[in-house]
């Protein structure tokens, strides 16, 4: 009944009746130093900036949709600023759909441009991370049976 207390209670024993010394345990886990730390950090910063810029463009387009649907005064400075910015970042989609209703036209054209900006940001960051970063980090472990 007096079993020795195993100090390592976190390991998974396939046969718990075996004494702890007969089970293979990792003696040393050696990690290779991450030589690409600065590259990873630079790639992450670049991808964050790209995502932020694309998200800001999408928010500007969404604000323009809200202002048009809400019939905001275009003489207002904020509404005029958002209108100018949204026309600059609309990716040439401002007149893709031309229904008679201005609200539907703005919703379709600027909504499509906002979605396009989010997709562009996601694709760019995916490609940059895929091409600029090395493969997964590998940890070498050596097992000894005592």
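Numbering (the UniProt record's numbering), first residue to last: 1 to 146.
Every residue, glycine too, gets a C-beta built ideally from N, C-alpha and C.
Only a predicted model underlies this, so the values are computations on that prediction, with no experimental measurement involved.
Query, Result
"Taking DSSP as the reference, what is the three-state secondary structure of residue 51?", "helix"
"Starting from the C-beta of residue 128, find all residues in its chain whose C-beta is less than 8 Å away, skip the five residues before and the five after it, and write them out in chain order.", "43, 46, 47, 50"
"If I measure Cβ to Cβ from residue 105 and keep anything under 7 Å in the same chain, skipping five residues before and after, which residues do I get?", "97, 98, 99"
"Could you say which of 56, 69, 36 lies nearest to residue 85 if we only look at CA atoms?", "56"
"Whose C-alpha, out of 58, 37, 39, 77, is nearest the C-alpha of residue 121?", "58"
"Taking the alpha carbon of residue 118 as the reference point, which residue from 91, 54, 38, 37 has its own alpha carbon closest?", "54"
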